[in-house]
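So the sequence shown is numbered by the numbering used here: it starts at -5 and just counts up by one. Cβ atoms here follow ideal geometry from the backbone N, Cα and C, with glycine treated the same way. If you're wondering where the values come from, they're calculated on a predicted model, not measured in any experiment. A short worksheet on the structure shown next.
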Amino acid sequence: MNLQSHDFRAMASPCEVVIAGAEPAQALQAACAAEAEVRRIELKYSRFRPDSVIGRINAGAHAGPVTVDDETLALLHYAGRLHALSDGLFDITTGALQGAWDFKAGRIPGDAELAALLPHVGWHHVRIEGRALRLADPLARVDLGGFGKEYAADRAAAVLQAQGVASGYVNLGGDIRVVGPRPDGSPWQIGIRHPRDPGKLLASIPVASGGLATSGDYERFFEKDGQRYCHVLSPRDGRPVTRWQSVSVLAPEAITAGTACTVAMLKQDEALAFLRASTLAFLAVDADGVIHTHHTKE
-5 MNLQSHDFRA MASPCEVVIA GAEPAQALQA ACAAEAEVRR IELKYSRFRP
45 DSVIGRINAG AHAGPVTVDD ETLALLHYAG RLHALSDGLF DITTGALQGA
95 WDFKAGRIPG DAELAALLPH VGWHHVRIEG RALRLADPLA RVDLGGFGKE
145 YAADRAAAVL QAQGVASGYV NLGGDIRVVG PRPDGSPWQI GIRHPRDPGK
195 LLASIPVASG GLATSGDYER FFEKDGQRYC HVLSPRDGRP VTRWQSVSVL
245 APEAITAGTA CTVAMLKQDE ALAFLRASTL AFLAVDADGV IHTHHTKE
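Next up, the structure:
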């Protein structure tokens, strides 16, 4: 099998485009186009860049409305639907809490600090009228990081398809969108890392199409006094979730898989009921290391 792999780094993650059954020159051209699309999305939506769409919104949407384009508007409406479907748990305005937690220094904010920040968290602070977005709270901040990487994986895969690629996948730091099966029709075997042993695979999942994403408490975390604190923060109390080591979901698109993982992490004790109701295939590891799975019928 003629297999071409193109590696790069974006969105603070190692990234890979794998293409099979194409001539090397065609594969490289397609992979570079896919990489360019990932970088476009990163530049456009990074919360760390003052010149990004998110940077402009967070800097100016309190003083007056900020006009956004169709792509941004679609992502914001998607965020609103997720907020409603998750009973308010998936909230892109938890950016107000980001400064309170320092996962590099291992800083834990006090109860009073979190209590002061929580009123500035909430989708109700986001007001959208046509193409105009306004933030009703002066300390509210939006962040599309909850599904940005998965959206980029889907867009990069669409670029590959537009370039004529029929077999391959995009892997952005473990968030994967498969363009099509191997040239012989067999699925790709995608490894899922063990949440407590980075050098070990938890499982190998056959994927012929669609998106596979994982959310876990091992991506950004610190431990103090025997307690693990991860970067997935609940908008209800401002604290990291604790019920799941990792959740992996297979869905038709990477953005659907990724948001399902995150909502499951945020659902805590209600995660399995949520995942089963979604009818999507999943593999989840709870806080005790017990594995829970559900497979869809082909």
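- Where Thr250 and Cys26 are concerned, what is the direct C-alpha to C-alpha distance, given to the nearest angstrom? 25 Å
- Item | Inside the segment 111 to 148 only - beta strand (DSSP E) runs reaching at least 3 residues | Listed in chain order, the beta strand (DSSP E) runs fully inside the segment 111 to 148 are 120 to 123 and 126 to 129, counting runs of at least 3 residues.
- Message: Could you tell me which whole beta strand (DSSP E) segments of length 3 or greater appear in the segment 177 to 221?
- Response: With a minimum length of 3 residues, the continuous beta strand (DSSP E) runs that stay inside the segment 177 to 221 are 182 to 187, 195 to 201, 204 to 210 and 215 to 218.
- Anyone know if the C-beta pair for Ile248 and Asp169 falls short of 7 Å? The question names Ile, yet the displayed sequence has Ala at residue 248. Yes.
- Report yes if the C-beta distance between Val279 and Pro189 is below 7 Å; otherwise report no. yes
- Item | Buried versus exposed, by CB contacts within 10 Å (16 or more), Thr61 | Around the beta carbon of Thr61, fewer than 16 other beta carbons sit within 10 angstroms, so the residue counts as exposed.
- Query: Can you round the beta-carbon distance between Val47 and Glu29 to whole angstroms, since I take them to be within the 8 Å contact cut?
  - Reply: 20 Å between Cβ atoms; not a contact.
- Query: Can the beta-carbon of Gln35 be found closer than 7 Å to that of Gly162?
  - Reply: For clarity, residue 35 is Ile in the given sequence; the question names Gln instead. Cβ atoms of Ile35 and Gly162: not closer than 7 Å.
- When the Cα of Gly283 is compared with those of Phe141, Asp211 and Phe268, which residue comes out closest? Asp211
- Task: Count the other C-beta atoms from every protein chain shown that fall within 10 angstroms of the C-beta of Val173, then say buried if there are 16 or more, exposed otherwise.
- Result: buried
- When the Cα atoms are used, what is the spatial distance from Ser242 to Ser198? 12 Å
- Could you tell me which uninterrupted alpha helix (DSSP H) segments, each at least 4 residues in length, are contained entirely in the segment 222 to 270, listed from first to last along the chain? 248 to 261
- Task: Return the CA-CA distance between Arg128 and Ile285, expressed in angstroms with no decimal places.
- Result: 43 Å
- Task: Using the Cα positions of Asp1 and Cys9, report the straight-line distance between them to the nearest angstrom.
- Result: 6 Å
- What are the partner residues of Arg101, as DSSP defines its beta bridges? Asp96
- Item | Supposed close pair Glu144, Ala78 - CB separation, criterion 8 Å | Their Cβ separation, rounded to whole angstroms, is 19 Å, which puts Glu144 and Ala78 out of contact at 8 Å.
- Measure the beta-carbon distance from Val32 to Ala150 and round it to whole angstroms, keeping in mind my assumption that it falls under 8 Å. 5 Å
- Message: Short of 6 Å in beta carbon distance, which residues of its chain neighbour Leu154, apart from the five on each side in sequence? Order them along the chain.
- Response: Ala24, Ala28 and Val173
- Rounded separation between His289 and Leu269 - CA only: 11 Å
- Would you mind giving the Cβ-Cβ distance between Leu111 and Gly232, rounded to the nearest angstrom? I have them listed as a contact below 8 Å. 6 Å
- Task: Answer yes if the segment 216 to 226 comes into contact with the segment 178 to 196, meaning at least three C-beta pairs across the two stretches below 8 Å, and no otherwise.
- Result: No, the segment 178 to 196 does not touch the segment 216 to 226.
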